[in-house]
Amino acid sequence: MSRQTRAIIHPSALQHNYVRLQPSLPSRTIAVIKADAYGHGAVTVAKALTDLCECFAVAICDEVRPLREAGIAQPVVVLEGPHDVQDCLSAKTSNSILVVHNRVQLDWLSNLPPHQRPVVWLKVDTGMHRLGFSVEDAIQVLNTHAWLHEQACVLVTHFACADEPDNPFNTTQFEEFSRIAEKTKMPICMANSAATLTHPEQWGTWCRLGIGIYGATPLANTSSQELDLQAAMTLQAEVIGIHRIKEGETVGYSRAWTAPRDSIIATVGIGYADGYPRHCPTGTPVVVNGQRARLVGRVSMDMITIDVTDIPGVTLQDKVELWGRQLPVDEVATCAGTISYELTTRVSTRVPRVIEHVDKVNA
Ligand SMILES: Cc1ncc(COP(=O)(O)O)c(C=O)c1O
């Protein structure tokens, strides 16, 4: 591996965060590892959590196979359910649980011989209006599909505003979901990371933990440090060029940054083709040799430029952290006008994921 750009994955942080977030018994916990575990590597994350976690979740059936090939044995919940009959059949053989949210999916499953039918959970739309049956339709589905009761069916819903714990819409959705939960007395699954942290009444039978496991904050107004979460990914690159420029000279495409004083500019080997957001403006923090510096000028496809004038001794091959242990991904996401979920899932395949191995003797 010649180029030193890499995403270092910290298994100990994944384990710490999972334990930190795990709700008290009797709630059970699903680790959400869709989209290649939010960019961290689904197999890596599942292996890191395998002794702690009894169930995983992905978005689509295709995401199950790599887990099985890697020997992950836990049931896997498929949050978008099947996209065709073949998905229904493969769910049975791969020990997946399908979350069904529309009538076409229900028909595929109803028409299967019972021995070929996988476990099915039912998605209820309580206000997100993205996927799921309304409470009335879900009750009707349960009344007309007896086979749903002959297996371990769970009612599932998803909150639209869980990242804002005081948002009254959380209560609106909870009350809507309670109507069907109380009527049917079925097991329920609703809380994501944010709701797990802030609304114990919403834990239900199962919680679904995603972003918090990866060490980013699930809450709009609370930092990951305040929640005692640790970064599970450190995105790192190295200095590949150093330029001394005069006051008034410019840097990069469109000459977007003009030096207000004589400056030292370090060019770093990471760009938007690696998943570093092109929207990051001048001033976005990075960490060089343990000290904060700032991005200046436009993000290029393969490089960024940073102002290291005030950091003595920066030289070629010095390591630069774009986010991670020293710089919360949430801070960079805010600069880019987005959320941590997008930053980590967009780290491209050009960036090797390197698993940090902690030396147990010296740890
Ligand atoms: C249906 C569903 N459940 C749970 C999660 C996990 O949410 P979070 O990552 O905020 O914990 C997601 C994430 O997008 C989701 O779409």
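The working numbering puts the first residue of the sequence shown at 892, with every later residue one more than the last.
Just so you know, even glycine gets a beta-carbon here, dropped at the ideal spot from N, CA and C.
None of these values were measured; they are calculated from a predicted model.
Nearest C-alpha to residue 1031 among 1091, 993, 1088: 993.
For residue 1059, there is no enclosing beta strand (DSSP E); the enclosing alpha helix (DSSP H) has its first and last residue at 1059-1075. For the pair residue 1119 and residue 1192, the Cα-to-Cα distance works out to about 34 Å.
Residue pairing by DSSP places residue 1124 opposite 900 in a beta bridge.
Set against 8 Å, the gap from the CB of residue 911 to the closest heavy atom of ligand 1 is not smaller.
Exposure of residue 1092 is indicated by the presence of fewer than 16 other C-beta atoms within 10 angstroms of its C-beta. The C-beta distance from residue 1029 to residue 1071 rounds to 6 Å, short enough to fall under 8 Å.
Between residue 1114 and residue 1135, the C-beta gap is not smaller than 9 Å, which leaves the two residues out of contact. In this structure, residue 1104 sits near residue 940, with a CB-CB distance shorter than 9 Å. In terms of Cα proximity to residue 901, the closest of 1183, 1219, 1125 is 1125. Remark: the shortest separation between the CB of residue 925 and any heavy atom of ligand 1 falls under 8 Å. If you ignore the 5 residues before and after residue 1248, its C-beta comes within less than 6 Å of no other C-beta in its own chain. By the Cβ criterion, the stretch 1171-1189 is not in contact with the stretch 1077-1087, since fewer than three pairs of Cβ atoms, one from each stretch, lie closer than 8 Å.
The beta carbons of residue 1202 and residue 1158 sit no closer together than 9 Å.
For the options 1110, 1003, 1041, 1102, the alpha carbon positioned closest to that of residue 1055 is the one of 1110. Annotated three-state conformation of residue 1210 is strand, per DSSP. Residue 990 is positioned such that its CB atom lies no closer than 9 Å to that of residue 1068. Remark: the shortest separation between the CB of residue 1103 and any heavy atom of ligand 1 falls under 8 Å. Counting C-beta atoms within 10 angstroms of its own C-beta, residue 1074 has fewer than 16 neighbours from the protein chains shown and is therefore classed as exposed.
For ligand 1, a non-hydrogen atom lies closer than 8 Å to the CB of residue 1083. A heavy atom of ligand 1 is found nearer than 8 Å to the CB of residue 1100.
The distance from the Cβ of residue 980 to that of residue 1013 is about 20 Å, inconsistent with a contact at the 8 Å cut-off.
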